[in-house]
Amino acid sequence: MPLNEYNPSEIEGKWYKKWLESALFTPDPENEKEPFVVVMPPPNVTGSLHIGHALNMTLQDVSVRYKRMRGFNTLWLPGFDHAGIATQWVVTKQLEEKGINKFELGREKFVEKVWEWVPVARNTIKKQIETIGASCDWTRQRFTLDEGFARAVREAFSKLYKEGLIFKAPYIVNWDPKDRTAISDLEVEYKEEKGNLWYIRYPVVDDSGKETGDYIVVATTRPETMLGDTAVAVHPEDKRYKQLIGKRVKLPLAPEKRTTWDGKEVSNLIPVIADDYVDPEYGTGAVKITPAHDPNDFEVGQRHNLPMVIVMDESAVMNENAGRYRGLDRYEARKKIVEDLEKSGLLEKVEEIIHNVGHSQRSGAVVEPYLSVQWFVNTKELSKDAIKVVEEGEIRFIPENWKKTYLNWMYEIRDWCISRQIWWGHRIPVWECKDCGHYNVFSDDIYESIPQKVIFNMYGDTRIGQIFSFQEVKNYLYGQNFNQPDKTNLQFYEKFVFNTQIDQLKDEENLKEFLNKNYIKVPVMNPEGIEEEEKIGFVPHTVFFLYANGFIGKTFDENDVFDAYQKNKNMIRFIYDTVLNGIKKEDILEDKEKLKKWLFDHAYGNCKNGRIFFTEMQERFSIIEDHIRETKYYINLKCEKCHSHNLKQEDDVLDTWFSSALWPFGTLGWPEKTKDLWSFYPTSLLVTGFDIIFFWVARMIMMGMHFMKEKPFGDVYIHALVRDEKGEKMSKTKGNVIDPLDMVEKYGADSLRFTLAALAAQGRDIRLSEKRIEGYKHFANKIWNASKFVLSNFENNRGKVFKDLSALRLSYDDKWILTRLQEVIKSSVKAIEEYRYNDYANGLYDFFWHEYCDWYLEFSKERIYKGTDEEKAAALSTLIYVLDRSMKMLHPVMPFITEEIWQKLPFKDADYLPVAPYPEVDNRLIFEEEKQLIEDLKEMIVSIRNVRADFGIEPSRKLNVYIKPSDQRFMSVIQAMEPSIKLLAKIENLEVSEGMERPPNTVVAVSKKAESYIDIAGTIDIEKELKRQEKILKDIQKSISISEKKLSNENFIKKAPSHVVEKEKSFYEELKQKEEKVKKIIESLREVQTS
RNA sequence: GGGCGGUUAGCUCAGCUGGCCAGAGCACCUCCCUUACAAGGAGGGGGUCAUAGGUUCGAAUCCUAUACCGCCCA
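Basically the working numbering = 1-based index in the first sequence + 391.
Here it is in structure tokens:
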């Protein structure tokens, strides 16, 4: 069936579905073929993909599709990033628009809202990725906050903690006062801003604290932080201040007593200390030291053991340490303080300066260096192997210059602050014991059985609490999974998390039994409808709880109850605090005598101590059982140190990048030793942008080396940033993103992909213009129409087309295009393997358009329309052959149009193009001589066309042309190709002979292998022709002189490589011949002129 | 302040380890609706490759310096 007009939207929709149905992108880990693995950088679930993602996806897909066609067992694993702060930000905004405040909503409800949003964003993005044609394996789709990742994160955290590589410490962090969270160094953006440098006098005091009248002047850009000063530092060798070292100064404006972060009192008389850190040349040579609000000062403070005074709260509002400035915003306080200093004559001067101010990448707020207690990863330790593997070239950066960037950063890596004071993310798996203060870091290692691990993971995930109901567990386990909508969460656990069947949780009965057996039951009473005197209080509930869970037996006395209570006091208190906080606690249980009495009164009045029977008990307590609303279960977590149940999990969540750092192995099943992990780790290639080399790439390498003892990937291709037409960075937060779907709609995914690949030269930013995409749509159209031509002729000549070209009588042009094809196959492979996507795309563009279409197709027409069967067979078979290879080569970059066309071709060697073999060079189809002859023929045709244009002869006018070839060989080519030549050069009559003399009134076109005499049918303007030829001669002679200069240079002959010299020589010869020819023409023209 | 990169045609950019008098797309000019394609065809104009030195037989390509632009880190 012939093709209609090219309409991308008609053909792009259908193929993707078919590919997925045929599972072309789902590799088998047991396959013996060499693997090629790429993990997709997971897009954030914040909105939709921008053009930068499209570039990222396209480049990955080109490499992945290419490798798949080369026969690799190819896996491209897709997924999504929960993107902590970014996603929380998006949802917060959405809620604010509805007038909902997240703090009023509360953590649990807020996180629910985020979970509602995530699939919305996820599905949009997924659809975009599909629309672009990414050949990734959706059956392995993952999420950085899915069940498996939650487990992997806890495992990683716990291991690192136990190895001493994670610690909690007070430290200066970058504090975002708007979002009220710490952020990492990398999340701070510095911008140059105008500011002031205030010079402030600190009065020197004597031993008794009285001002001596001297001052020491310090300079600061942030005067409000002076309230937190605990020293003034000078350089130890600075003569100006030497005598002041050890003395004290009085901190102006500060209250007499301030309190350090850990509750100690600090006076407003602060010491002058000596430290090398101070640059005596800079400012006044004296520096105020604010250890709690400046990173450098913090270090000075550590060295000198200075107290640390925090003067602001989490929102950057001045706190009680600020005395009379308390309650003011930091900038109001700054203003006020400057005013007050001025009034009291303590402000020496003000200088205007330009300085770098740190802003939060996310919220834009000015970052406040702030002392707080945070969790850190000791990256110095982890960086060792991560440095080695890059230094030794085991991991390769492309382009290579990123290696240096990476290493420089790694050499000076700082501890990584991983705690974030937000709600959306992996909650830090640390449970602080409220009784002994011990930090318990739990992973599911504390359980033996898989079902228990599952429940623990659900708990650690905060999907269920430490106290949970059957219903909650059931709903979750049997509910739809986020990654794999056709699976339940339990099935996801089985397949992706534990890699095993979990029968004990499979149906409700088993599940209930499992819970009853393994967890402490907490009866939750229904207080309504109970008579006042029977209302369940703390004591009866506790006794029942102890009884129901077997802490005391069927028979018991006050000793049993007392002991059991004492043993489980923390747990009971915890449970009561959590689920029964309406009930008043009583101290009866703490006192054996009271307890005895109570038991006697309430439970077993007429029975003897220790011998009450169950039935009687039940009679009394039936009232309680009647009022059990439901039974909850309690996860029996205990402090490792004091066994208290009074544990509280950290509220903070982990930096998103902590989980994405595990991406290359977490997605493959780690910490389980799965087949996927075994077969597909380490991965082969990572394609990403340079903006996340530190955030992500470096951390994946560190974590990969640490946990897998092996690099996470071999090659790291760093692509350019796609900028908008103004050259500005597109970013999620700026909102200047371009929706690639618009481009797809207008120009088709193939055109968009081709554009991105063609622009992806290594090392430079891409400034994308829509024009460019439009241009490449024209290319797609060209492919379409050329194919239409080939296919329709094939339809009309089915029997005359052959797969094997060796049996055919190939003509010069067949051999030429086949030779060119081999060369292009070779260069395309080289380009793609070296990640020169632009060369790959442009190489194919040129070949297909300017050789296959512009020349070969045109050459072939004569034989197709008028040739013998034998000639038709050769031409059509070659056309089909080259088209087939071209579609294969173009497929990685233009998957849809190539599939559409290829499916219509004969001799298919696969069901679908994504799994068809990439073309290999066939040495039998290389014909050097014929290739050269056709190149010469092309030049001859162009020279004739040039004459037409120069003389303004319309293409419709056919000319008579006489050709004098320079040798016999070329003459036979002309004869063989005569009809085509006539067609291409629009010639009416063509005469060829070696002894051809220029007929009168003809214009001459000189080419390498021929002189063509063109009868332009009319008297020629001799003047004009002379001028034209003289110009040609001049150009030739200019080249000759350059060439002569080279060849006459002894050193060139001696030192240049021989092939260069040879080339130059033959080039010179050619020029000389041409010069000769042109000279003769000019001569004859002159003769005509004078006669 | 430290580091990295850029400066090539009017615009957007290629040009890999130095080797045919520098290329593409778009834009521009001329001619053409020739049965695959006007989303096309044929032809054309346009650059002392930022500047100044240097290395070399040979430099857009390597080195040094300068200017301007951009990015990253502190």
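Here a beta-carbon is modelled for each residue, glycine too, at the ideal position from N, C-alpha and C.
| Expressed to the nearest angstrom, what Euclidean distance is found between the alpha-carbon atoms of Lys-734 and His-441? | 54 Å
| request: Would you tell me roughly how many angstroms separate the C-alpha atoms of Val-625 and Val-669, rounded to the nearest one? | output: 6 Å
| Residue from Val-453, Lys-504, Gly-944 and Pro-432 whose Cα sits closest to the Cα of Phe-471 | Pro-432
| message | Restricting to Cα atoms, I'd like to know which of Ile-745, Ser-454 and Ser-774 is closest to Arg-1090. | response | Ser-774
| query | What are the complete alpha helix (DSSP H) segments, minimum 4 residues, inside the region 428-499? | reply | 442-460, 475-488 and 493-496
| request: Tell me whether the beta-carbon of Tyr-1303 lies closer than 7 Å to the beta-carbon of Arg-461. | output: no
| task | Output yes or no for whether 7 Å exceeds the beta carbon distance between Asp-528 and Phe-427. | result | no
| Skipping 5 residues on each side, what residues in its chain have a beta carbon closer than 7 Å to that of Val-564? | Ala-573, Tyr-761, Ser-763, Gln-765 and Cys-808
| Over what stretch of residues does the alpha helix (DSSP H) that includes Ile-402 continue unbroken? | 399-412
| message | For the region 929-937 against the region 1034-1045, do three or more pairs of beta-carbon atoms, one drawn from each stretch, fall closer than 8 Å, so that the two count as touching? | response | no
| message | By alpha-carbon positions, which one of Tyr-1243, Asp-1341, Glu-538 and Phe-1104 ends up nearest to Leu-881? | response | Glu-538
| Candidates Gly-674, Ile-1431, Gly-1105 and Glu-521: closest to His-444 by CA position | Glu-521
| task | Could you have a look at Arg-649 and say whether DSSP puts it in helix, strand or coil? | result | strand
| message | Let's test the definition: count the other Cβ atoms within 10 Å of the Cβ of Ser-599 and tell me whether it reaches 16, buried, or not, exposed. | response | exposed
| message | For a minimum of 3 consecutive residues, which ranges assigned as the beta strand (DSSP E) are wholly contained in the region 1355-1424? | response | 1378-1383, 1393-1398 and 1401-1406
| Whole beta strand (DSSP E) elements within the region 853-900, 3-residue minimum | 858-860
| Between Pro-1346 and Leu-1201, what straight-line distance do the alpha-carbon atoms span, to the nearest angstrom? | 30 Å
| query | Skipping 5 residues on each side, what residues in its chain have a beta carbon closer than 7 Å to that of Phe-1085? | reply | Leu-577 and Trp-800
| Looking only at DSSP bridge pairs, what is Glu-759 linked to? | Trp-566
| Straight-line Cα distance separating Val-1088 from Arg-533 | 18 Å
| field | C-beta contact flag for Ser-1403 and Ile-1354 at 7 Å | value | yes
| said: For a test of the three-state rule: what should DSSP assign to Leu-1077, helix, strand or coil? | reply: strand
| request: Check each candidate in Val-453, Glu-759, Phe-953 and Ser-526 and name the one with the smallest Cα separation from Ser-361. | output: Here the chain covers residues 392 to 1482 and nothing more, so residue 361 does not appear.
| Rounded straight-line distance, which links the Cα of Asn-961 to that of Glu-949 | 19 Å
| request: Answer with buried or exposed for Trp-1069, where buried requires no fewer than 16 other C-beta atoms within 10 angstroms of its C-beta. | output: exposed
| How many Å lie between Tyr-352 and Val-430 at the Cα? | Limits of the chain in this structure are 392 at one end and 1482 at the other, which puts residue 352 out of reach.
| query | Is Glu-922 buried or exposed, if buried means 16 or more other CB atoms sit within 10 Å of its CB? | reply | Low local confidence applies: a pLDDT of 46 at Glu-922 is under 50, so the model's placement there is unreliable, with the coordinate-based value given in what follows. Answer is exposed; the Cβ neighbour count stays below 16.
| said: Using only CA atoms, which one of Tyr-1024, Ile-789, Lys-794 and Ser-400 lies nearest to Glu-782? | reply: Lys-794
| Cβ separation of Thr-621 and Asn-890, assumed to be a contact under 8 Å, to the nearest whole Å | That pair is no contact at about 55 Å.
| field | Member of Ile-607, Asp-629, Glu-628 and His-817 whose CA lies at the smallest distance from the CA of Ile-661 | value | Ile-607
| query | Buried or exposed: Val-1273, going by 16 or more other Cβ atoms within 10 Å of its Cβ? | reply | buried
| query | Between Ala-1151 and Asn-1229, is the Cβ-Cβ spacing less than 7 Å? | reply | yes
| query | Run through DSSP, which three-state label would Trp-814 get? | reply | coil
| Using the beta-carbon count (16 or more within 10 Å), is Gly-941 buried or exposed? | exposed
| How should Lys-1400 be labelled, buried or exposed, when 16 other C-beta atoms within 10 angstroms of its C-beta is the threshold for buried? | buried
| Is the number of C-beta pairs between the region 828-835 and the region 541-551 that are closer than 8 Å three or more? | yes
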